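According to full-length UniProt numbering, the residues represented by the sequence shown are 30 to 542, in order. Idealized CB from N, CA, C, for every residue including glycine. Note that the coordinates shown come from a computational prediction; the quantities given were computed from them, not determined experimentally.
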Amino acid sequence: ATASEPYDVVVIGGGQWAHSPGGYVAAIKAAQLGLRVSMSLLWLGSQTKPCSQTACVEKRGSLGGTCLNVGCIPSKAMLNNSHIYHQTQHDLKRRGIDVTGVSLNLENMLAAKDNAVSGLTKGIEFLFKQNKVDYIKGAASFVSPTKITVDLLDGGKSEVETKNFVIATGSEVTPFPGGSIQIDEQQIVSSTGALALQKVPEKLVVIGGGIIGLEMGSVWSRLGSEVTVVEFLGGIGGAGIDEEVAKQFQRLLTKQGLKFKLNTKVLSAEKQDGKVHLKAESAKGGKEETLEANVVLVAIGRRPYVEGLNLAAAGVELDNRGRIIIDDQFNTSTKNIKCIGDVTFGPMLAHKAEEEGIAAVEYIKSGHGHVNYNAIPSVVYTHPEVAWVGKTEQELKAEGVQFNVGKFNFSANSRAKTNLDSEGFVKIIAEKETDKVLGVHIIGGSLAVKRMEISDLGLPLGPNAGEMIGEGVLAIEYGASAEDIARTSHAHPTLSEAFKEAAMAAYSKAIHM
Ligand code: FAD
Ligand code: NAD
């Protein structure tokens with residue numbers, strides 16, 4: 030079926046956007062701005078309804094893309110429930126709660142994750158109806174800068190014409206270089222397989238100590254696996270993490286039972302006798318070693334996804350890392366085609382794609398849009414959570430910027446004490462001359478103890494760095510000074526007082542430390 034007249038905007042790709050980021054948000058915003066929108070989503074689906082206000086294409090047959098189907102949402106379900114299991118086993122006694130007979134029902138834990146995903150998927154279907162977004166099940170491919178064909182899931186093809194496109198096709202797992210490790214999603218898994226293991230592996234080796242490696246490594250460690258994380262670099266946490274935070278983070282995870290091999294490069298993996306044998310060497314070369322695992326998680330990054338899009342027909346160019354090239358108004362090399370999210374520059378984060386989706390559509394409608402890349406937060410949803418926004422100390426030093434650092438430990442925060450949390454801190458970095466906040470780094474407090482000691486000492490609830498970072502994002506977005514935050518009343522007793530005290534320390538002195 031073909032729309033009788035061209036749309037104003039067609040969004041190609043809607044994995045993530047279908048829950049929050051990129052394409053879906055772009056489509057709804059475009060509809061709200063009165064633009065006629067077609068959304069072309071690989072995984073969304075239904076029949077083409079010509080002439081309705083909005084539409085999308087999706088080949089998976091369920092809404093939500095990477096984030097909802099195999100990313101943010103299922104991983105957070107597993108992180109939350111594995112934490113509750115772990116805490117119930119090891120932490121309740123010291124809080125005065127005696128529980129016996131705690132055991133893992135992995136099947137039910139996986140089902141709870143699947144229910145969360147399917148519930149949210151239905152929510153999106155509702156949002157689609159509410160915003161009058163049609164969607165077409167199938168994969169989009171450019172015919173010209175103003176036309177795509179869609180290979181429909183139900184068979185056949187559909188042509189869609191538009192004045193403007195927004196490409197939001199996302200990313201895929203980076204394959205291991207040289208093909209020396211093949212993902213089978215059973216024994217050698219990507220994050221997708223790691224979200225659906227049917228049995229707790231005795232030994233799990235994680236290749237890559239970035240966000241996925243640490244989040245999924247934590248899940249399976251809590252459920253009973255012996256987890257070793259092999260990381261090429263000298264520190265964990267991936268790009269953008271503050272070095273001081275990364276060191277403390279590694280210490281806490283080590284105490285929880287995760288093992289780390291830093292400065293180590295995995296070379297290959299071979300399946301033999303039901304096990305996986307990995308070869309690794311020192312990142313600087315030489316010294317080879319062999320590791321053995323029941324399951325291996327490959328988490329060495331993600332890369333932009335443009336397969337089947339036929340970008341050449343639209344004149345859209347890629348850079349040497351396979352990212353779609355855009356200018357600061359999200360324009361690709363073809364004037365009427367914009368691009369957002371993982372498939373282009375910047376951090377691969379759902380909320381970044383979402384901001385860009387809204388801004389791109391606003392540019393189409395009014396010529397104005399806004400994304401502040403200095404104010405995009407990062408959160409690692411481990412326990413404790415780690416969160417940051419803005420610049421790190423090491424970045425500012427490299428830029429030659431003079432700054433003050435204010436740090437406040439949760440050990441001196443009354444709420445953290447009552448929650449039986451003792452480690453972790455808030456760090457605020459402010460420009461020396463102006464006191465303007467340039468960076469905020471939080472590692473949630475955690476009474477991290479060795480696994481064998483856990484039953485005596487317990488595990489903490491942990492300050493929620495992922496929620497707390499919102500205040501830092503707002504401060505940076507509004508150009509606040511550390512003094513502005515320090516002079517703002519924060520409720521007592523809350524963990525957020527640690528935020529205020531860190532700001533006090535940045536411009537003057539903290540009260541409680
Ligand atoms: P995607 O969500 O990847 O969506 C792209 C969509 O385009 C897909 O549905 C794809 O099927 C579709 N598509 C591709 N080609 C075509 C085509 N030719 N025709 C039609 N449709 C097409 N980010 C966070 O911010 N917080 C988190 O907690 C978090 N956790 C994550 C956990 C995991 C395990 C993973 C893998 C990722 C996580 N991310 C997280 C990253 C987040 O999922 C991505 O940054 C986000 O999904 C990017 O959104 P997007 O709209 O750019 O692309
Ligand atoms: P990443 O880039 O964060 O980390 C990959 C790590 O693997 C790096 O530290 C790298 O040095 C290491 N590495 C690469 N090759 C290696 C080798 N041969 N041997 C050992 N180590 C090696 O990538 P990721 O963890 O796969 O995550 C992908 C993307 O998904 C990230 O961009 C992240 O933003 C996003 N994500 C976000 C969240 C979140 O926001 N909470 C959660 C999951 C994923």
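Next on the checklist: Can you list, in chain order, the residues of its chain with a C-beta nearer than 6 Å to that of residue 510? Leave out the 5 residues immediately preceding and following it.
Outcome noted: Walking along the sequence shown from the start, residue 510 turns up at place 481. Counting only Cβ-Cβ distances below 6 Å, and skipping sequence neighbours, we find 464 and 465.
Checklist entry - For residue 246 versus residue 258, is the C-beta spacing smaller than 7 Å? => result For the purposes of this step, residue 246 is identified with residue 217 of the sequence shown, where counting begins at 1. For the purposes of this step, residue 258 is identified with residue 229 of the sequence shown, where counting begins at 1. The answer is yes: Cβ separation under 7 Å.
Item to check | Per-residue burial, residue 131 [other beta carbons within 10 Å of its own, 16 or more giving buried] | outcome: Along the sequence shown, read from residue 1 onward, the residue named residue 131 stands at position 102. Answer is exposed; the Cβ neighbour count stays below 16.
Item to check | Cβ-heavy atom distance, residue 338 to the ligand FAD, below 6 Å | outcome: Taking the sequence shown and counting its residues from 1, one reaches residue 338 at position 309. It does: the Cβ of residue 338 is within 6 Å (strictly closer) of some heavy atom of the ligand FAD.
Item to check | Reference residue 232, options 58, 326 and 189, closest by Cα | outcome: Taking the first residue of the sequence shown as 1, we reach residue 232 at position 203. For residue 232, the nearest C-alpha among the options comes from 326.
Next on the checklist: Taking 7 Å as the limit between beta carbons, can you name the residues of its chain near residue 454, skipping five residues before and five after?
Outcome noted: As a working mapping, residue 454 is identified with position 425 in the sequence shown. Here the set comprises 436, 437, 438, 439 and 472.
Checklist entry - Thinking just about the alpha-carbon of each residue, which of 360, 367 and 236 is nearest to the one in residue 307? => result In the sequence shown, counting from the first residue as 1, residue 307 sits at position 278. Cα-wise, what sits closest to residue 307 is 236.
Next on the checklist: Using only the alpha-carbon positions, how far apart do residue 367 and residue 360 sit?
Outcome noted: The count along the sequence shown starts at 1 and reaches residue 367 at position 338. The count along the sequence shown starts at 1 and reaches residue 360 at position 331. About 4 Å.
Item to check | Whole-number beta carbon distance between residue 370 and residue 385, since they are thought to touch under 8 Å | outcome: As a first step, residue 385 is located in the sequence shown; it is residue number 356 there, counting from the start. As a first step, residue 370 is located in the sequence shown; it is residue number 341 there, counting from the start. Confirmed, Cβ separation roughly 6 Å.
Item to check | Any non-hydrogen atom of the ligand FAD within 6 Å of residue 104 CB | outcome: As a working note, residue 104 is residue 75 in the sequence shown. Yes.
Checklist entry - Do the CB positions of residue 282 and residue 256 come within less than 7 Å of each other? => result The sequence position of residue 282 within the sequence shown is 253, counting from 1. The sequence position of residue 256 within the sequence shown is 227, counting from 1. Not in contact: residue 282 and residue 256 (Cβ atoms no closer than 7 Å).
Item to check | residue 389 to residue 193 span [Cα, whole Å] | outcome: Numbered from its first residue, the sequence shown carries residue 389 at position 360. Numbered from its first residue, the sequence shown carries residue 193 at position 164. Their backbone Cα atoms lie some 11 Å apart in a straight line.
Checklist entry - At what residue ranges does the stretch 121-187 contain a whole run of the beta strand (DSSP E), taking only runs of 3 or more? => result 162-165, 167-173 and 176-181
Next on the checklist: Please tell me whether residue 412 and residue 112 are closer than 7 Å, where the distance is taken between their beta carbons.
Outcome noted: Taking the first residue of the sequence shown as 1, we reach residue 412 at position 383. Taking the first residue of the sequence shown as 1, we reach residue 112 at position 83. Cβ atoms of residue 412 and residue 112: closer than 7 Å.
Next on the checklist: Suppose you measure from the CA of residue 378 to the CA of residue 222; what does that come to, to the nearest Å?
Outcome noted: For the purposes of this step, residue 378 is taken as residue 349 along the sequence shown, with counting starting at 1. For the purposes of this step, residue 222 is taken as residue 193 along the sequence shown, with counting starting at 1. Approximately 20 Å, taken between the alpha carbons.
Checklist entry - Is any heavy atom of the ligand FAD found at a distance shorter than 6 Å from the C-beta of residue 380? => result Within the sequence shown, numbered from 1, the residue matching residue 380 stands at position 351. Under cutoff, so the answer is yes.
Item to check | Buried or exposed by the 16-neighbour rule on C-beta atoms within 10 Å, applied to residue 89 | outcome: As a first step, residue 89 must be located in the sequence shown, where it is residue number 60. Per the 10 Å Cβ criterion, buried.
Item to check | Sequence ranges, beta strand (DSSP E) only - wholly within the stretch 301-331, length at least 3 | outcome: 304-311, 317-322 and 324-327
Checklist entry - When the Cα atoms are used, what is the spatial distance from residue 541 to residue 101? => result Here residue 541 is taken as the residue at index 512 of the sequence shown, counted from 1. Here residue 101 is taken as the residue at index 72 of the sequence shown, counted from 1. Approximately 37 Å between the Cα atoms of the pair.
Checklist entry - beta strand (DSSP E) containing residue 468: first to last residue? => result Along the sequence shown, read from residue 1 onward, the residue named residue 468 stands at position 439. For residue 468, the enclosing beta strand (DSSP E) begins and ends at 466-472.
Checklist entry - Is it true that the CB of residue 457 sits closer than 7 Å to the CB of residue 58? => result Start at 1 with the first residue of the sequence shown, and residue 58 comes out as number 29. Start at 1 with the first residue of the sequence shown, and residue 457 comes out as number 428. Not a contact, by the Cβ cut-off of 7 Å.
Checklist entry - How is residue 208 classed by DSSP in three states: helix, strand or coil? => result Along the sequence shown, one-based indexing puts residue 208 at 179. Helix.
Item to check | CB-CB length for residue 244 against residue 114, believed under 8 Å | outcome: Counting from one through the sequence shown, the residue named residue 244 turns up at place 215. Counting from one through the sequence shown, the residue named residue 114 turns up at place 85. Not confirmed; about 16 Å, so no contact.
Item to check | Three-way DSSP call (helix, strand, coil) for residue 298 in this model | outcome: Here residue 298 corresponds to residue number 269 of the sequence shown, with the count starting at 1. Strand.
Item to check | Collapsed DSSP secondary structure at residue 37 in the structure displayed | outcome: In the sequence shown, counting from the first residue as 1, residue 37 sits at position 8. Strand.
Checklist entry - Exposed or buried, what is residue 312 when buried is set at 16 or more other beta-carbons lying within 10 Å of its beta-carbon? => result As a first step, residue 312 is located in the sequence shown; it is residue number 283 there, counting from the start. Exposed: under 16 other Cβ atoms inside 10 Å.
Checklist entry - Do you know offhand how far residue 345's Cα is from residue 229's? => result Locating residue 345 in the sequence shown gives position 316, where the first residue counts as 1. Locating residue 229 in the sequence shown gives position 200, where the first residue counts as 1. Taking the straight line from one Cα to the other gives about 45 Å.
Next on the checklist: I'd like to know whether the C-beta atoms of residue 337 and residue 520 end up nearer to each other than 7 Å.
Outcome noted: Against the sequence shown, residue 337 aligns to sequence position 308. Against the sequence shown, residue 520 aligns to sequence position 491. No, the pair does not count as a contact, with Cβ atoms beyond the cut-off.
Checklist entry - Taking 6 Å as the cut-off, is the CB of residue 331 close to at least one heavy atom of the ligand NAD? => result Within the sequence shown, numbered from 1, the residue matching residue 331 stands at position 302. Within the cutoff, so yes.
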